[in-house]
Amino acid sequence: MLLLNPGPVTLSERVRRSLLQPDLCHREPEFFDLQDDARRRLLAVYDLDPAEWAAVLLTGSGTAAVESMITSLVPLDGKVLIASNGVYGERMADMAARQRLDRRVMAEPWVAGLDLARIAAILDADPTITHVATVHHETTTGRLNDLAALAEVCQTRNVHMLVDAVSSFGGEPIPFADHGLAAVAATANKCLHGVPGAAFVLVRRTALERGVSRAYYLDLVALAREQDRRGTPFTPAVHAYYALVEALAETAQEGGWPARNKRYLKHGQRVADALRQLGVEPLLPDEECSAVLRAFRLPATGGYPELHDKLKAAGFVIYAGQGPLAQDMFRISVMGDVRDADVDRLTTVLRKVLADAGRDIT
Ligand SMILES: Cc1ncc(COP(=O)(O)O)c(C=O)c1O
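Per my numbering, the very first residue in the sequence shown carries number 2; after that it's consecutive.
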């Protein structure tokens with residue numbers, strides 16, 4: 002079965018086999034070597050200087066990393082603007098609300114881009130805002146928000162950016178050089194092609210110095226401190242860390258994030274072109290989409306369950322739309338160990354399935 006949902010992804014054999022390494026006690030040096038290796042390789046994905054940045058590992062899903070970032074990096078006297086245009090932006094707003102952070106939420110419609118002029122106006126009108134939190138790739142619609150442009154808006158106003166890059170880290174460009182960017186949260190089981198259970202935050206050390214301990218398990222400052230001392234406060238998902246290290250080695254050997262981005266773009270475009278020929282339109286213009294995932298309008302004939310089930314019977318798992326978009330769209334991600342031959346087979350199957358559903362496939 003090939004997973005075309007946006008994580009967890011289809012693993013390469015190499016990453017799958019890495020799960021079979023020896024059992025480790027997390028209080029022994031062998032585990033700390035593994036943890037150090039994962040942290041070092043995470044920084045290397047975007048060539049980050051360890052004196053300036055820390056990679057902090059967490060055992061949990063991507064949401065744990067995002068929640069750790071949001072709850073730990075907005076100081077007690079800080080205020081966060083959450084710029085949202087999808088499920089995951091709204092989730093960050095919910096996290097900030099539950100922690101009663103001083104906050105303002107700018108919620109755009111899910112299909113819309115972020116209005117940078119409005120963000121700039123909000124920041125100019127409220128100088129107490131210290132942070133902007135947003136999602137890089139809004140997996141809800143496949144939109145890649147323009148982080149570089151947002152970082153520019155933030156940097157010129159001395160505002161720090163906290164980014165959910167759960168479905169873009171390792172597969173899209175991220176403007177780490179921009180001083181406005183304070184932290185990025187992500188997970189092993191999306192563009193890095195690892196297994197679920199390992200997540201991480203890449204954070205500027207200066208941002209950690211201003212961090213606060215609002216949470217216990219998700220206290221990013223304490224996690225960073227312990228990991229810097231070759232320690233760990235809790236029981237980590239050791240085998241997920243093995244797989245993360247192997248996935249990071251594989252990513253590097255395949256040419257790093259740029260090569261992955263190129264491959265995703267090629268595969269995503271082939272799927273979009275094939276569907277367009279079949280009369281299935283994309284939700285967003287190509288140039289607004291991530292390389293990782295595209296959303297498509299559901300064909301008039303047959304609903305999502307029928308399309309899903311027929312593709313699954315042919316060996317492909319696709320993904321439904323969320324919330325109010327569930328009736329209108331479906332999504333196809335090309336993350337994971339997806340090869341040219343898989344995309345060939347997928348386009349053939351799509352032609353057949355949509356023809357069966359009564360579509361014109363000339
Ligand atoms: C952008 C984004 N943020 C957060 C998450 C949540 O990740 P998880 O399900 O691993 O907690 C996802 C999951 O797809 C995502 O795409």
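Just so it is clear, CB atoms sit at the ideal spot from N, CA and C, and this is done for glycine as well.
All figures in this text were calculated on a predicted structure; none of them were measured in a lab.
Check: In three-state terms, what does DSSP make of Cys155?
Finding: Position 154 of the sequence shown holds residue 155. The answer is helix: DSSP assigns Cys155 an H, G or I state.
Q. Roughly how many whole angstroms lie between the Cα atoms of Phe235 and Glu29?
A. In the sequence shown, counting from the first residue as 1, residue 235 sits at position 234. In the sequence shown, counting from the first residue as 1, residue 29 sits at position 28. Distance between the alpha carbons of Phe235 and Glu29 is about 13 Å.
Using DSSP's beta-bridge definition, name the partner residues of Met162. Numbered from its first residue, the sequence shown carries residue 162 at position 161. According to DSSP, Met162 bridges with Val133 and Leu182.
inquiry  = Are there any heavy atoms of ligand 1 lying less than 8 Å away from the beta-carbon of Ser85, as far as the coordinates show?
reply    = In the sequence shown, the residue the question calls residue 85 occupies position 84. When distances are taken from the beta-carbon of Ser85 to the heavy atoms of ligand 1, even the shortest one reaches 8 Å or more.
query: For Ser85, does the three-state DSSP call read helix, strand or coil?
result: Counted from its first residue, the sequence shown places residue 85 at position 84. DSSP places Ser85 in the strand class (E or B) of the three-state scheme.
query: Can Glu173 be considered in contact with ligand 1, in the sense that its beta carbon sits closer than 8 Å to one or more heavy atoms?
result: In the sequence shown, counting from the first residue as 1, residue 173 sits at position 172. Between ligand 1 and the CB of Glu173, the shortest heavy atom gap is not smaller than 8 Å.
For ligand 3, is there a heavy atom less than 8 Å away from the beta-carbon of Arg18? This structure simply doesn't include ligand 3; it includes ligand 1 instead.
- Name, in chain order, the residues that DSSP records as bridge partners for Cys290. As a working note, residue 290 is residue 289 in the sequence shown. Under the DSSP definition of a beta bridge, Cys290 partners with Arg144.
Neighbourhood of Met330 by C-beta, 7 Å cutoff - its chain only, sequence neighbours within 5 removed:
Start at 1 with the first residue of the sequence shown, and residue 330 comes out as number 329. Cβ within range, chain order: Leu284, Ala296, Phe297, Arg298, Leu299 and Gly322.
ask   = CA-CA distance, Ala108 and Leu115?
value = The residue labelled residue 108 in the question sits at position 107 within the sequence shown. The residue labelled residue 115 in the question sits at position 114 within the sequence shown. Looking at the two C-alpha atoms, the distance is approximately 9 Å.
Among all the DSSP beta bridges, which residues are the ones paired with Leu203? Here residue 203 corresponds to residue number 202 of the sequence shown, with the count starting at 1. Its beta-bridge partners are Ala56 and Val185.
**OP:** Quick one: grab the DSSP three-state call for Ile333.
**Re:** Mapped onto the sequence shown, residue 333 falls at position 332. Ile333 carries a strand assignment under DSSP once its states are collapsed to helix, strand and coil.
task: Determine, using beta carbons only, whether Ser291 and Leu145 come nearer to each other than 9 Å.
output: Against the sequence shown, residue 291 aligns to sequence position 290. Against the sequence shown, residue 145 aligns to sequence position 144. Against a cut-off of 9 Å, the Cβ pair of Leu145 and Ser291 comes out as a contact.
Determine, using beta-carbon pairs with one atom in the segment 249-267 and one in the segment 166-176, whether at least three such pairs fall under 8 Å.
-> Contact holds: three or more Cβ-Cβ distances are below 8 Å.
- Message: For a minimum of 3 consecutive residues, which ranges assigned as the beta strand (DSSP E) are wholly contained in the segment 57-123?
- Response: Within the segment 57-123, the runs of beta strand (DSSP E) at least 3 residues long that lie entirely inside it are, in chain order, 81-85 and 104-108.
TODO: Would you check whether ligand 1 has a heavy atom nearer than 8 Å to the C-beta of Lys353?
DONE: The sequence position of residue 353 within the sequence shown is 352, counting from 1. Not one heavy atom of ligand 1 sits closer than 8 Å to the Cβ of Lys353.
*Cβ of Ser62 versus every heavy atom of ligand 1: is any distance shorter than 8 Å?*
Your numbering for residue 62 matches position 61 in the sequence shown. The answer is yes for Ser62.
Q. Leu326 and Trp111 look like a contact to me (Cβ under 8 Å); what is the Cβ gap, rounded to whole Å?
A. Within the sequence shown, the letter at position 325 stands for residue 326. Within the sequence shown, the letter at position 110 stands for residue 111. That belief holds up - the Cβ atoms of Leu326 and Trp111 are roughly 6 Å apart, short of 8 Å.
Next on the checklist: For a test of the three-state rule: what should DSSP assign to His138, helix, strand or coil?
Outcome noted: Walking along the sequence shown from the start, residue 138 turns up at place 137. DSSP places His138 within a strand segment (E or B) once states are collapsed to three.
Practice task
Identify which residue in Asp125, Val164 and Arg92 has its Cα closest to the Cα of Thr141.
Solution key: Here residue 141 refers to the residue found at position 140 when the sequence shown is read from its first residue. Of Asp125, Val164 and Arg92, the smallest CA-CA separation from Thr141 is found for Arg92.
- Using CA coordinates, which residue listed in Gly90, Leu221 and His161 is at the minimum distance from Gly79? In the sequence shown, the residue the question calls residue 79 occupies position 78. Checking every option, the nearest Cα to that of Gly79 belongs to His161.
*Any heavy atom of ligand 1 within a distance shorter than 8 Å of the CB on Glu146?*
As a working note, residue 146 is residue 145 in the sequence shown. Checking the displayed sequence, the identity of residue 146 turns out to be Asn instead of Glu. Not so, every heavy atom of ligand 1 lies at least 8 Å from the Cβ.
### Burial state of Ala149, where buried means 16 or more other Cβ atoms lie within 10 Å
Position 148 of the sequence shown holds residue 149. By the neighbour-count rule (16 or more Cβ atoms within 10 Å), Ala149 is not buried but exposed.
Measure the beta-carbon distance from Ala189 to Ala241 and round it to whole angstroms, keeping in mind my assumption that it falls under 8 Å.
-> Here residue 189 refers to the residue found at position 188 of the sequence shown. Here residue 241 refers to the residue found at position 240 of the sequence shown. Under the criterion of beta carbons closer than 8 Å, Ala189 and Ala241 qualify as touching, at roughly 6 Å.
Q: Give every residue of the same chain whose Cβ lies closer than 6 Å to the Cβ of Ala158, excluding the five residues on either side of it in the sequence, and list them in chain order.
A: Taking the sequence shown and counting its residues from 1, one reaches residue 158 at position 157. Per the sequence shown, the amino acid found at residue 158 is Arg instead of Ala. Within the same chain, Leu124 come within 6 Å of Arg158 by CB-CB distance, once the 5 residues on both sides are set aside.
Exercise. So does Gly8 have its beta carbon nearer than 8 Å to some heavy atom of ligand 1?
Worked result: The count along the sequence shown starts at 1 and reaches residue 8 at position 7. Taking 8 Å as the cut-off, the C-beta of Gly8 counts as close to a heavy atom of ligand 1.
(Q) Gly181 and Glu153 - do their beta-carbons sit closer together than 9 Å? (A) Position 152 of the sequence shown, counted from the start, is the residue given in the question as residue 153. Position 180 of the sequence shown, counted from the start, is the residue given in the question as residue 181. In this structure, the beta-carbon distance from Glu153 to Gly181 falls below 9 Å.
Within 10 Å of its beta-carbon, does Asp220 have 16 or more other beta-carbons around it, so buried, or fewer, so exposed? Taking the sequence shown and counting its residues from 1, the one referred to as residue 220 is at position 219. Result: buried.
| Pro283, DSSP secondary structure in three states | Counting from 1 along the sequence shown, the entry for residue 283 is found at position 282. DSSP, reduced to helix, strand and coil, places Pro283 within a strand of the structure shown.
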